[in-house]
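Residue numbers (the numbering used here): 9 to 122.
Given below as structure tokens:
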């Protein structure tokens, strides 16, 4: 999806291959399968133009990240944000500055809901 958002729609499989497939040593069939899966999941729409398929994003980056983050927390942390945050704290993945920023974010959210 990153390649899709970084280019002006529509994009083609050739664009994806050029920007992603070559770096990952993917064959064109792999890129086409990936694009079709994104279409099937409702993230892209496609239309045929001449001999080429054109792809357009249906969801923007923020919508996609929200969906994927919720899915990740549900699948790997039993839908518990606390479990996810505990893991980040234990792994030392969050700095003191980030903890302060999170605390401020939570305080601001509480103010909105009161």
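Just so it is clear, CB atoms sit at the ideal spot from N, CA and C, and this is done for glycine as well.
Note down, in chain order, each residue of its chain lying with its Cβ closer than 6 Å to the Cβ of residue 24, except the 5 sequence neighbours on either side.
11 and 39
Give the range of the alpha helix (DSSP H) segment to which residue 97 is assigned.
89 to 98
Under the three-state reduction of DSSP, which class applies to residue 57: helix, strand or coil?
strand
Where residue 19 sits in the DSSP three-state scheme
strand
Using a threshold of 8 Å, state whether the C-beta atoms of residue 13 and residue 61 are closer than that.
no
So the alpha helix (DSSP H) residue 70 belongs to, where does it begin and stop?
69 to 85
Determine the burial state of residue 107: buried for a count of at least 16 other Cβ atoms within 10 Å of its Cβ, exposed for fewer.
exposed
Host alpha helix (DSSP H) of residue 36 (start-end):
36 to 48
Classification of residue 88 by the beta-carbon crowding that lies within 10 angstroms, buried from 16 upward
exposed
Going by DSSP, name the residue or residues bridged to residue 62.
55
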